[in-house]
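K.L.:
After the structure tokens below, expect a handful of questions from me.
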Amino acid sequence: MAQCRRPDQTEGAETRHTHGQRRTGRARRDHAGQCHPEGCRFKKMVTLDAKRDAVAHACSEHGVSQRRACSVLSVDRSSMRYRSIRPDDAHIREAMKTVASERRRFGYRRIHVMLGRQGIVMNLKKLRRLYREEKLTVRKRGGRKRALGTRRPLALPSRANERWSLDFVSDAFTDGRRFRVLAVVDDFTRECLCLVADTSLSGARLARELDSLITRRGKPKTIVSDNGTEMTSMAILKWCQETQVEWHYIAPGKPMQNGFVESFNGSFRDECLNETLFSSLPQARDAINAWKEDYNRNRPHSSLGNITPNEFAMKIAMEKQAA
395 MAQCRRPDQT EGAETRHTHG QRRTGRARRD HAGQCHPEGC RFKKMVTLDA
445 KRDAVAHACS EHGVSQRRAC SVLSVDRSSM RYRSIRPDDA HIREAMKTVA
495 SERRRFGYRR IHVMLGRQGI VMNLKKLRRL YREEKLTVRK RGGRKRALGT
545 RRPLALPSRA NERWSLDFVS DAFTDGRRFR VLAVVDDFTR ECLCLVADTS
595 LSGARLAREL DSLITRRGKP KTIVSDNGTE MTSMAILKWC QETQVEWHYI
645 APGKPMQNGF VESFNGSFRD ECLNETLFSS LPQARDAINA WKEDYNRNRP
695 HSSLGNITPN EFAMKIAMEK QAA
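Note that my numbering has the sequence shown beginning at 395, numbered continuously upward.
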């Protein structure tokens, strides 16, 4: 004979058991990651400083002992008494803040390269920790605005290869495609050192062209440019660190601070780009190189006493040998 059971009792027991499980699960979810005194809801503790603050809050607000607070909050008591013996790296922090104030759009990776140029070598993760502790994180821009910055003035060069200036000039082919020209000028002799035309000129390409130019002419002391993306790229920052060439950036929106190459660009555009129709890149390169040779060898320069840049460079070299 089959055993009979009372449905109301069995169903009631199952219902009470199910409701109990739901209450327990809800309570666990509500208190997940919350090891704080009852009634408190703080952010989940991750760092040691946050745990110390939570223990101190429990002791002061709830009148419990440190032992009890550590037990409730699952904090090791030894960590409450530990004091770090790590140096505060004050000189690194000051150097980092100095670079960040001068280059306000540089992140910690570029600041790491800039500090390496000053002889401050450290692990990138350590720099990132100090960078975050000093709250130097670059904010995302809401619009296209240029940050203003101060730059120290440059003295006039007194010899060849002391200072180069560079800039980019843009033009178009007859079919509408755009191309760019990298112009490098010696600020003392006014010589056009190179005119590199291409449809794309990245920071890595700029570094290769400068290496080729240094092989032929020698290394300059200083290079002056604006704050374009190619000039502030990681490739150029590493190139400056490897070659020990000082790179001076003019203030944003102040092209007159790079007046030598800006004056050259005006002559280049007026006498070459505006006078020639370019149908292809090889044809543009030939025409631009021919104009460069004519500029250096035949075109008189008013600031040099109406002699050519090559003649002025030869004159200075002869005076140096005679001295």
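Beta carbons are placed, not taken as given, at the ideal position from N, Cα and C, and that holds for glycine.
Let me know the beta strand (DSSP E) ranges lying completely inside the stretch 561-592, each 3 residues or longer, listed in chain order.
P.N.:
572-580, 586-592
K.L.:
Tell me the start and end of each unbroken alpha helix (DSSP H) in the stretch 474-533 that is at least 4 residues and wholly inside, in chain order.
P.N.:
484-496, 502-511, 518-527
K.L.:
Might you give, ordered along the chain, the residues of its own chain that have their beta carbon closer than 8 Å to the beta carbon of V493, omitting 5 neighbours on each side?
P.N.:
What you label residue 493 is simply residue 99 of the sequence shown in a count that begins at 1. Counting only Cβ-Cβ distances below 8 Å, and skipping sequence neighbours, we find F500, I505, M508, L509.
K.L.:
If you draw a straight line from the alpha carbon of L442 to that of S459, how long is it in whole angstroms?
P.N.:
Position 48 of the sequence shown, counted from the first residue, corresponds to residue 442. Position 65 of the sequence shown, counted from the first residue, corresponds to residue 459. Each residue's Cα considered, the two are about 19 Å apart.
K.L.:
Go ahead and pull the three-state DSSP assignment for K709.
P.N.:
Along the sequence shown, one-based indexing puts residue 709 at 315. Here K709 sits in helix by DSSP.
K.L.:
Cutting at 6 Å between CB atoms, please list the residues of its own chain near N704, excluding the five before and the five after it.
P.N.:
By one-based count along the sequence shown, residue 704 stands at place 310. Answer for N704: N690, R691, listed in chain order.
K.L.:
Could you give the DSSP three-state label for E669: helix, strand or coil?
P.N.:
Reading the sequence shown from its first residue, position 275 is the one you call residue 669. Looking at E669 - three-state DSSP - the assignment turns out to be coil, as it is neither helix nor strand.
K.L.:
Going by CA-CA distance only, name the one from E488, A716, S594 that's closest to R572.
P.N.:
In the sequence shown, the residue the question calls residue 572 occupies position 178. Minimum Cα distance to R572 is reached at S594.
K.L.:
Would you say the stretch 637-651 touches the stretch 616-623, given that touching needs at least three Cβ pairs under 8 Å?
P.N.:
yes
K.L.:
What separation, rounded to the nearest whole angstrom, lies between the Cα atoms of N517 and S674?
P.N.:
Translated into positions along the sequence shown, residue 517 becomes position 123. Translated into positions along the sequence shown, residue 674 becomes position 280. Using only the alpha carbons, I get a separation of about 48 Å.
K.L.:
Which residue's Cα is closest to the Cα of I340: R511, N555, K632, L524?
P.N.:
With the chain running from 395 to 717 in the structure shown, residue 340 is simply not present.
K.L.:
Which word fits N659, buried or exposed, when buried means at least 16 other C-beta atoms lie within 10 angstroms of its C-beta?
P.N.:
Numbered from its first residue, the sequence shown carries residue 659 at position 265. So N659 ends up on the buried side.
K.L.:
Let's test the definition: count the other Cβ atoms within 10 Å of the Cβ of D688 and tell me whether it reaches 16, buried, or not, exposed.
P.N.:
The residue labelled residue 688 in the question sits at position 294 within the sequence shown. Around the C-beta of D688, fewer than 16 other C-beta atoms lie within 10 Å, and the residue is accordingly described as exposed.
K.L.:
Nearest CA to the CA of E640: which residue from K529, P481, S559?
P.N.:
For the purposes of this step, residue 640 is taken as residue 246 along the sequence shown, with counting starting at 1. Cα-wise, what sits closest to E640 is S559.
K.L.:
Quick check on R602: does DSSP put it in helix, strand or coil?
P.N.:
On the sequence shown, position 208 is the one that residue 602 refers to. In the structure shown, R602 sits in a helix (DSSP, three-state: H, G or I).
K.L.:
Under 8 Å by Cβ, that's how I've got L587 and W633 pegged, so tell me the actual separation to the nearest angstrom.
P.N.:
Reading the sequence shown from its first residue, position 193 is the one you call residue 587. Reading the sequence shown from its first residue, position 239 is the one you call residue 633. The pair is not a contact, with the Cβ atoms about 16 Å apart (cut-off 8 Å).
K.L.:
Using a threshold of 9 Å, state whether the C-beta atoms of R511 and Y643 are closer than that.
P.N.:
Along the sequence shown, one-based indexing puts residue 511 at 117. Along the sequence shown, one-based indexing puts residue 643 at 249. Their beta carbons are not under 9 Å apart, which means R511 does not touch Y643 by this criterion.
K.L.:
How many angstroms separate the CA atom of L589 from the CA atom of R610?
P.N.:
Locating residue 589 in the sequence shown gives position 195, where the first residue counts as 1. Locating residue 610 in the sequence shown gives position 216, where the first residue counts as 1. Their backbone Cα atoms lie some 15 Å apart in a straight line.
K.L.:
R557 by DSSP, collapsed to three states: which one?
P.N.:
In the sequence shown, residue 557 corresponds to position 163, counting from 1. Of the three classes helix, strand and coil, the one that applies to R557 here is strand, per DSSP.
K.L.:
State the DSSP-derived secondary structure class of E624, mapped to helix, strand or coil.
P.N.:
Locating residue 624 in the sequence shown gives position 230, counting from the first residue. Coil at E624, not helix or strand.
K.L.:
Going by DSSP in three states, I644 sits in which element: helix, strand or coil?
P.N.:
By 1-based counting over the sequence shown, the position of residue 644 is 250. Here I644 sits in coil by DSSP.
K.L.:
Excluding the five sequence neighbours on either side, which residues of its own chain have a C-beta within less than 6 Å of the C-beta of F706, listed in chain order?
P.N.:
Within the sequence shown, residue 706 is the residue found at index 312, counting from 1. Within its own chain, the residues whose Cβ lies closer than 6 Å to the Cβ of F706, once the five positions on either side in sequence are excluded, are T583, L698, listed in chain order.
K.L.:
State the Cα-Cα distance for the pair P551 and R557, rounded to the nearest angstrom.
P.N.:
To locate residue 551, count along the sequence shown from 1; it is residue 157. To locate residue 557, count along the sequence shown from 1; it is residue 163. The straight-line gap from Cα to Cα measures roughly 6 Å.
K.L.:
From E528 to A566, what does the alpha carbon distance come to, in whole angstroms?
P.N.:
Counting from 1 along the sequence shown, the entry for residue 528 is found at position 134. Counting from 1 along the sequence shown, the entry for residue 566 is found at position 172. E528 and A566: Cα-Cα distance of roughly 46 Å.
K.L.:
Ignore the nearest five residues each way along the sequence and tell me which others in A681's own chain have a CB closer than 8 Å to its CB.
P.N.:
On the sequence shown, residue 681 is found 287 positions in, with the first residue counted as 1. Cβ within range, chain order: C666, T670, F672.
K.L.:
For D581, which residues of its own chain have a beta-carbon under 6 Å away from its beta-carbon, when the five flanking residues on both sides are left out?
P.N.:
The residue labelled residue 581 in the question sits at position 187 within the sequence shown. The residues are P551, R557, S559, F654.
K.L.:
Ignore the nearest five residues each way along the sequence and tell me which others in M625's own chain have a CB closer than 6 Å to its CB.
P.N.:
In the sequence shown, the residue the question calls residue 625 occupies position 231. The residues are S619.
K.L.:
For S596, which of I608, V579, G570, S627 has the nearest alpha-carbon?
P.N.:
As a first step, residue 596 is located in the sequence shown; it is residue number 202 there, counting from the start. The shortest CA-to-CA distance from S596 to any of I608, V579, G570, S627 is the one to S627.
K.L.:
Would A577 and A601 be called neighbours here (beta carbons separated by less than 9 Å)?
P.N.:
Residue mapping note: residue 577 aligns to position 183 of the sequence shown, counting from 1. Residue mapping note: residue 601 aligns to position 207 of the sequence shown, counting from 1. No, the pair does not count as a contact, with Cβ atoms beyond the cut-off.
K.L.:
With H, G and I counted as helix, E and B as strand and the rest as coil, what does DSSP make of V469?
P.N.:
Indexing the sequence shown from 1 puts residue 469 at position 75. Here V469 sits in coil by DSSP.
K.L.:
Judging by CA-CA distance, which residue of F662, R553, S473, K686 is the nearest neighbour of E713?
P.N.:
As a first step, residue 713 is located in the sequence shown; it is residue number 319 there, counting from the start. Per the Cα distances, R553.
K.L.:
Which stretch, first to last residue, makes up the beta strand (DSSP E) that contains V639?
P.N.:
In the sequence shown, residue 639 corresponds to position 245, counting from 1. No beta strand (DSSP E) holds V639; DSSP gives it neither H nor E.
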